[in-house]
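Beneath this line is the structure, given in structure tokens, with notes to follow.
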Amino acid sequence: MAEVHAEMVANVWKVLVAEGDTVEDGDTLVILESMKMEIPVIAEDDGVVAQIKVAEGDVIQEGDLIAVIE
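Each residue of the sequence shown is one higher than the one before, counting from 47 in our numbering.
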């Protein structure tokens, strides 16, 4: 199991995967927006998205859980 955490305070701009989706290392899970920059959040493992913990429009803090990949 791999947990994907936020590396900064940001807004969730787009959620590109859903629970149950199969992802590979390097796939973009979520796009964050901070200071007018788009920051992709990348899967670091192959697996299945078990949980998505954010929704578009959420404001997340550094360290917040974004997704769980099993």
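Note that CB positions come from ideal geometry on N, CA and C, so glycine has one too.
Restricting to Cα atoms, I'd like to know which of Gly103, Ala48 and Ile106 is closest to Glu199.
Since the first and last residues shown for the chain are 47 and 116, residue 199 lies out of range.
Other residues of its chain near Gly66: CB distance less than 8 angstroms, five sequence neighbours each side excluded
Excluding residues up to 5 positions away in sequence, Val94 and Val95 lie with their Cβ nearer than 8 angstroms to the Cβ of Gly66 in the same chain.
Bridge partner(s) assigned by DSSP for Glu49:
According to DSSP, Glu49 bridges with Val114.
Of the residues Val87, Asp73 and Thr68, the one placed nearest Trp59, counting alpha carbons only
Out of Val87, Asp73 and Thr68, the CA that lies nearest to the CA of Trp59 is found in Val87.
Own chain partners of Gly72 with C-beta closer than 8 angstroms, once the 5 adjacent residues on each side are dropped:
Short of 8 angstroms from the beta carbon of Gly72, and not among the five residues preceding or following it, lie these beta carbons of its own chain, in chain order: Ile88 and Ala89.
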